[in-house]
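Protein chains: 2
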Amino acid sequence: MTITLHPSTLPAVLAPVITPFNEDGSPDAKRLLKQCQWLEKNGAGQAIFGTNSEANSMSAIQKMSTLSALVEGGLDPAHLMPGTGATSIDATVSMTRHALKYKCAGVIMLPPFYYKDVSDDGLFAYFSEVIQKIGDPSLQIYIYNIPPVTKINLSLSLLERLVKSYPSTVVGIKDSSGNWSYTESVIKLLAPSGFRVYAGNENFLLRTLRAGGVGCISATVNVNPKAIVHLADHWREADADQRQIDLDQIRAIFDQYQMIAGMKTAVAHYGNNPEWLRVRPPLMQLSGDQQAKLISELEKINFSMPGL
Amino acid sequence: MTITLHPSTLPAVLAPVITPFNEDGSPDAKRLLKQCQWLEKNGAGQAIFGTNSEANSMSAIQKMSTLSALVEGGLDPAHLMPGTGATSIDATVSMTRHALKYKCAGVIMLPPFYYKDVSDDGLFAYFSEVIQKIGDPSLQIYIYNIPPVTKINLSLSLLERLVKSYPSTVVGIKDSSGNWSYTESVIKLLAPSGFRVYAGNENFLLRTLRAGGVGCISATVNVNPKAIVHLADHWREADADQRQIDLDQIRAIFDQYQMIAGMKTAVAHYGNNPEWLRVRPPLMQLSGDQQAKLISELEKINFSMPGL
C-alpha cells in the first residue's frame, strides 16, 4: 500500500522540549531557544509545550510570550509544533491563533481534560468550535492522545469523524496511549486518507514507520535525538532492528525515573548547568542519590550529549 | 467537644454557581449576577467558578473579568468564594490575587490536576509557592478535593502539613470525594484546630454538621437553596432527619442526569429562559426527551424555584 500523507514541513522526529525555568518559576526563553537549536542541529523538530515541557505548569500568557521569543530569536517555525490545548475553548483558541501568527507548521492539541466520562459528541463539539472560531485554512492540528494523564479516551470513531469533517485541518495525532494496538488501528483507519500518526514513544518508532506512520514525538528525543532521528531516516535499512534495540536500551534507563526530572538531570549534567534541574510543582526534581544513580548508569553505556 | 472554627463571613451553605453563557460561548456576567442575587436572597453564598460552574471551560481572563463585573455590580464579596485553582502556579496566583483585590472572603483552590501520581511533597510545594507568592495575610484558602474529576487524592497528612505550615491561610476544605469516612477523618483531625470542612454534597449535610463541620457547597444548592440553607440553620431541631430525607429526594432526581445540564434545564424551565440550557463543550445539554422527563419528575413532587 502506498500512503500519501498530508504535506508538512515537520520532521519525522520531534522532541516535546523540556522547559528550563528561572529561579522565580518563570520559563527561561533564552535557554529554551538554545535547547531547541541543539535539537534542530540533531535533526529533531520541536513540539514545545507538551507534557514533558511541563506545559500545563505554565499559564497561557507565559507560553505565548515564550513562543514569541523563540521565533523572534530565529527558530524556524516550519519545525515547530507547539502544544495549544487547554481545558477551555477560549484559552485553546488564543494560544492556537498565536501559534498561527508565528507561522508554526502545526499545533498539538490536548482534548479538554478537566471533566471525565465525557461523550464523543462533546469532544467533537469542542474541537469543532475551536476550529471554526479560528477559521484559518493554514491551521494544521495534531490531536494529542495521552489517556494515562488526561484520563480521556479518544475513540477511533471520534477521530474518523474529525478527519472527515475537517480533512485539511485535523491532519494527525500523537498517540501516547502506550497501547500499540490502538496506534496501529489509527494508522490502518486513517493513514490511507493522509493522516499523520506519530508514536508517543520511540519504543514504537520502527513499528509505526513500518505500519505507515510518520515517526515519533517522544520524551527521550530530548536526550537522544541523533540516534532516534537516524532510525527514522534509515528505517528501511538492514540494521534498523538493531538500532531500535539500541534506542530501547537508553529509554529503559530513563524509564526508571520520573521522566521529566530524569531528563533534566541528564541535561544539567552533560550541559554542565545545574539550573536545568528545576521542575515546577507538583513535579519534584530527583533526589541527589537518584541523580547520581542515573548519571552512573548513563556513564556505564558511554552515553553522551555532544554539542550541548 | 466545643470546636471554634476560623472566623469567616462565609455562610454555611454555598452554591457552586452554574454559569450562563452567551451564544458565542462567553460567560454572561449580567445573568450570572442575577442568579447570584437570587441565591443570596435564599441564604446561600456563591462559590462561583467551581466544577458545576464549568470553571475550567472558561479561560483565566474570562473568569477574572466576570468576577470584576459581579462585585462591581453590587454582589457582596463577603459571601463569595471563587474557584481560583488551575494547573499552573502562575494562573492560580493571578486569579487568587484578583479575588483578593475584590475582597472575596475566601477562595476555593483545586490541586494542580494535569499530572497524575504526584507526590505529597509536590502538592505541598505547589500550594506553598502559591501562598508565598501571594504573601497576603487576608488570603483564606479552601482546598478543593474532588478526586472523581482530578484523579488526585489529597492525603490527610498533606492537609495536616498545609494547616500546620499556613494555619491562618489554609482554613478549610470542600470535600467532594463522595467518601464520608474521608470527610469524617478530616473533621476529626483538623476541625479542633479551627479548620472549616464543607461537604461537597448536601446528602452529607447533617452528618457533616453533627461531626463538627461547617456546612456544604453542593451542586443542587443551585436549584434547592432555601431548603438546604434551612437545614443548615436548624440542624439541631427535631425535624432535621426528616428535612435531610426531603433534600435527598430532590437530589436523587437530579443525580439521574448529567448534573450541570440537568440543573440548567431546571433553571431554564422555572426561570422561563431557554438561554440557560447552554453548556460549554465537552459537556452537552440534555436531549429534549431528557429535559421533558426531568421536568415531569420535578412537577410530580411540586418542585418550584420561587422568585427566579
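For the protein sequence lines, the chains are V and G, in the order given. Okay, so the first sequence: first residue is 62 according to the numbering used here, each after it adds one. Okay, so the second sequence: first residue is 62 according to the numbering used here, each after it adds one. Glycine residues also receive a C-beta, built at the ideal position from the N, C-alpha and C atoms. Values in this document were obtained by computation on a predicted structure and should not be read as measured data.
Between which residues of its own chain and residue i is the CB-CB distance below 6 Å, once the five residues before and five after are set aside?
{"i": "G:L66", "result": "G255, R257"}
{"i": "V:V328", "result": "W337"}
{"i": "V:P286", "result": "L100, N103, A105"}
{"i": "G:R304", "result": "L292"}
{"i": "V:I150", "result": "E190, V191"}
{"i": "V:M366", "result": "Y331"}
{"i": "V:G144", "result": "F110, G111, A116, I169"}
{"i": "G:I311", "result": "N285"}
{"i": "V:R92", "result": "P81"}
{"i": "V:V261", "result": "In the sequence under discussion, the amino acid at residue 261 of chain V is Gly, which differs from the Val named in the question. Excluding positions up to five away in sequence, the list reads K235, D236, S237."}
{"i": "V:G349", "result": "none"}
Which residues in the same chain have their Cβ closer than 7 Å to the Cβ of residue i, if we skip the five residues on either side of it in sequence?
{"i": "V:F174", "result": "T148, T211, I213"}
{"i": "V:H372", "result": "Because residue 372 of chain V is not part of the residues shown, which for chain V are 62 to 369, the question remains open."}
{"i": "V:S155", "result": "A121"}
{"i": "V:F185", "result": "L219, R222, L223"}
{"i": "G:E358", "result": "I314"}
{"i": "G:I321", "result": "I79, N113, E115, V340, L344"}
{"i": "G:Q351", "result": "Y318"}
How far does the alpha helix (DSSP H) with residue i in it reach, from first residue to last?
{"i": "G:C97", "result": "90 to 102"}
{"i": "G:M156", "result": "150 to 162"}
{"i": "V:L359", "result": "349 to 361"}
{"i": "V:A139", "result": "V:A139 -> no alpha helix (DSSP H), and no H or E assigned at all."}
{"i": "G:I318", "result": "Here the sequence assigns Tyr to residue 318 of chain G, which means Ile is not the residue at that position. Taken as a continuous stretch (DSSP letters only), G:Y318 belongs to no alpha helix (DSSP H), as it is neither H nor E."}
Need the endpoints of the beta strand (DSSP E) that residue i sits in, please.
{"i": "V:Y205", "result": "202 to 206"}
{"i": "G:Y187", "result": "Not the beta strand (DSSP E): G:Y187 falls in the alpha helix (DSSP H), residues 181 to 195."}
{"i": "V:V168", "result": "168 to 170"}
{"i": "G:A75", "result": "Inspection of the sequence shows that residue 75 of chain G is occupied by Leu rather than by Ala. Its beta strand (DSSP E) spans residues 74 to 76."}
Excluding five sequence neighbours on each side, which residues of the same chain lie with their C-beta closer than 8 Å to the C-beta of residue i?
{"i": "G:W296", "result": "L266, L267, L270, R271"}
{"i": "V:W70", "result": "Inspection of the sequence shows that residue 70 of chain V is occupied by Thr rather than by Trp. Same-chain partners within the cutoff: A139, H140, A166."}
{"i": "G:I289", "result": "V74, A105, E263, L266, C277, S279, T281, V282, L308"}
{"i": "G:P342", "result": "S118"}
{"i": "G:D137", "result": "E101"}
{"i": "V:I356", "result": "T326, A327, H330"}
{"i": "G:Q193", "result": "none"}
Hey, residue i and residue j are a contact pair by Cβ (cut 8 Å); roughly how many whole angstroms apart?
{"i": "V:Y205", "j": "V:I169", "result": "5 Å"}
{"i": "V:P198", "j": "V:S229", "result": "7 Å"}
{"i": "G:G239", "j": "G:Y259", "result": "About 14 Å; that fails the 8 Å criterion."}
{"i": "V:L344", "j": "V:Y318", "result": "That pair is no contact at about 12 Å."}
{"i": "G:P72", "j": "G:N113", "result": "The pair is not a contact, with the Cβ atoms about 17 Å apart (cut-off 8 Å)."}
{"i": "G:S87", "j": "G:Q123", "result": "6 Å"}
{"i": "G:G273", "j": "G:A301", "result": "Incorrect: roughly 16 Å between the Cβ atoms, too far for contact."}
{"i": "V:S242", "j": "V:L217", "result": "Their Cβ separation, rounded to whole angstroms, is 11 Å, which puts V:S242 and V:L217 out of contact at 8 Å."}
Where the stretch 338 to 364 of chain G meets chain V: residues whose CB sits under 8 Å from a CB there: Result list: R341, P342, P343, L344, M345.
Interface residues of the stretch 150 to 171 of chain G facing chain V [CB-CB below 8 Å]: Listed by position, the residues of the stretch 150 to 171 of chain G near chain V (Cβ gap below 8 Å) are I150, D151, A152, S155.
3-residue-minimum beta strand (DSSP E) runs that sit fully inside the stretch 211 to 236 of chain G, ordered along the chain: Taking only runs of at least 3 residues, the beta strand (DSSP E) segments lying wholly in the stretch 211 to 236 of chain G are 231 to 236.
Residues, ordered as in the chain, of the stretch 75 to 86 of chain G that lie near chain V by beta-carbon distance below 7 Å: So the close ones are G86.
Near-chain G residues of the stretch 105 to 136 of chain V - C-beta to any C-beta below 9 Å: Within the stretch 105 to 136 of chain V, T112, E115, A116, N117, S118, M119, S120, A121, I122, Q123 place their CB atoms closer than 9 Å to a CB of chain G, listed in sequence order.
Members of the stretch 178 to 200 of chain G that neighbour chain V once the beta carbon cut-off is set at 7 Å: Flagged, chain order: V179, S180, D182, G183, L184, A186, Y187, E190.
Near-chain V residues of the stretch 203 to 214 of chain G (beta-carbon distance less than 8 Å), N- to C-terminal order: Residues P209, V210, K212.
Contact list for the stretch 311 to 328 of chain V against chain G, Cβ threshold 7 Å: For the stretch 311 to 328 of chain V, there are no residues whose beta carbon sits under 7 Å from a beta carbon of chain G.
Every unbroken alpha helix (DSSP H) within the stretch 239 to 298 of chain G, with a cutoff of 4 residues, ordered by chain: DSSP runs (the alpha helix (DSSP H)) wholly in the stretch 239 to 298 of chain G: 241 to 251, 266 to 272, 286 to 294.
Proximal residues, the stretch 219 to 235 of chain G versus chain V, C-beta separation under 8 Å: Listed in chain order, the positions of the stretch 219 to 235 of chain G with a beta carbon within less than 8 Å of a beta carbon of chain V would be empty, since no residue qualifies.
The stretch 262 to 286 of chain V: positions lying closer than 9 Å to chain G by Cβ: Here the close residues number zero.
Positions along the stretch 137 to 148 of chain V whose CB lies within less than 8 Å of some CB in chain G: Those residues of the stretch 137 to 148 of chain V that come within reach of chain G (Cβ to Cβ, closer than 8 Å) are A147, T148.
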